[in-house]
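Chain order of the listed sequences is A and B. Read left to right, the first sequence gives residues 17 to 101 (this note's numbering). Read left to right, the second sequence gives residues 23 to 178 (this note's numbering). Beta carbons are placed, not taken as given, at the ideal position from N, Cα and C, and that holds for glycine. Bear in mind the structure is a predicted one, so any value in this text is a computation, not a measurement.
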Amino acid sequence: MKITIVYFAALREMLGVSREEVELPDGVARAGELRAWLAQRKPVWGEALGPGRNIQVAVDQTLADAATPLRDGVEVAFFPPVTGG
Amino acid sequence: MSRVITVRVQHEDFDLARELADLRVGADEAGAIASFVGTVRRSSSRGEVLEAMTLEHYPAMTQSSLEAIAREARERWPVLAVCIIHRVGTLRPGEQIVLVGVSARHRGDAFLACEFIMDYLKTRAPFWKKERTAQGAYWVDARAADTAAAERWQAS
Chain A
17 MKITIVYFAA LREMLGVSRE EVELPDGVAR AGELRAWLAQ RKPVWGEALG PGRNIQVAVD
77 QTLADAATPL RDGVEVAFFP PVTGG
Chain B
23 MSRVITVRVQ HEDFDLAREL ADLRVGADEA GAIASFVGTV RRSSSRGEVL EAMTLEHYPA
83 MTQSSLEAIA REARERWPVL AVCIIHRVGT LRPGEQIVLV GVSARHRGDA FLACEFIMDY
143 LKTRAPFWKK ERTAQGAYWV DARAADTAAA ERWQAS
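Pasting the structure below:
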């Protein structure tokens, strides 16, 4: 399936990308699987998205978690813990 | 006639008195108006002199996120009207960042709903603050106290 991924704040700065479209491989069907797949790209991706890092995820503009399933055409957002208000 | 839920994400400053007055329009049964205003402190989160704070947000999500929080407040308490205004962009010390206003028949519900909305906004609404000081610019870290504050509402 093809999805859009957006990155915000310190995560965007660390990775150097704000938005991308990716074709997911078989076996990547949930937000947590996507994060683990991205973390394998290059060392900085592992540092940014690795299991020890506190990263939040939204799917189609709704807060999600690792178990949230992905569908073709969704927008997934990864970001550091929010600091509004 | 004011709407039951008013949510705005904007660069411009807001007029507190006017927004609270708008909350009361159409809420004839409101005996209580509770509000919170968040402002930019003069010192940064690291204790230095703050030059400016920039608020980034996720434009496709901020409006719906705040509306969902407002709806949940209305489900939990008998609230008449809710107003949430959150600014984005670059702000200076002393400026207003956020307004939460709630009207209800009685003050207990208004106070609780207002606090709930702020606690959920602090942990769920997609905004991120970057502070600029003489030492440079850095992203503010989320605070454990905010997470704890939001979690209390899940037990109740």
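Listed by chain order, chain A residues near residue i by CB distance under 8 Å
i: W150 of chain B; result: F24, A25, A26, F95, P96, V98, T99 and G100
i: L143 of chain B; result: G100 and G101
i: V120 of chain B; result: G100 and G101
Proximity test, Cβ basis, 8 Å: residue i and chain A
i: V29 of chain B; result: no
i: A60 of chain B; result: According to the sequence as given, residue 60 of chain B is Gly; it is not Ala. Answer yes: the Cβ-Cβ gap between G60 of chain B and chain A drops below 8 Å somewhere.
i: H128 of chain B; result: no
Candidates the options, of which the one nearest residue i by Cα
i: G89 of chain A; options: A:E39, A:A52, A:L31 and A:P59; result: A:E39
i: V60 of chain A; options: A:T20, A:R28 and A:T99; result: A:R28
i: W150 of chain B; options: A:Y23, A:K18, A:R51 and A:I19; result: A:Y23
i: G48 of chain A; options: A:T99, A:L79, A:A25 and A:A26; result: A:L79
i: L95 of chain A; options: B:T169, B:V104 and B:P148; result: The displayed chain sequence assigns Phe, not Leu, to residue 95 of chain A. With distances taken between Cα atoms, F95 of chain A lies closest to B:P148.
Distance CB(residue i)-CB(residue j) smaller than 8 Å
i: T145 of chain B; j: S66 of chain B; result: no
i: V31 of chain B; j: A92 of chain B; result: no
i: F36 of chain B; j: C136 of chain B; result: no
i: A74 of chain B; j: R114 of chain B; result: yes
i: I55 of chain B; j: G123 of chain B; result: yes
Neighbouring residues, chain A, relative to residue i (Cβ below 9 Å)
i: W161 of chain B; result: A25, A26, E29, P96 and T99
i: A164 of chain B; result: N70, P96, P97, V98 and T99
Cross-chain neighbours of residue i in chain B, by beta carbon under 7 Å
i: L79 of chain A; result: R146
Chain-ordered chain B contacts of residue i [CB-CB under 9 Å]
i: A74 of chain A; result: Y80, M83, S87 and P148
Closer than 7 Å at the beta carbon, the chain A residues around residue i
i: M140 of chain B; result: G101
Chain C residues whose Cβ lies nearer than 7 Å to that of residue i
i: H33 of chain B; result: Any reference to chain C falls outside this structure, whose protein chains are A and B.
Residues bridged to residue i [DSSP beta-bridge criterion]
i: W161 of chain B; result: B:K152
i: G123 of chain B; result: B:S57 and B:C105
i: S65 of chain B; result: B:V71
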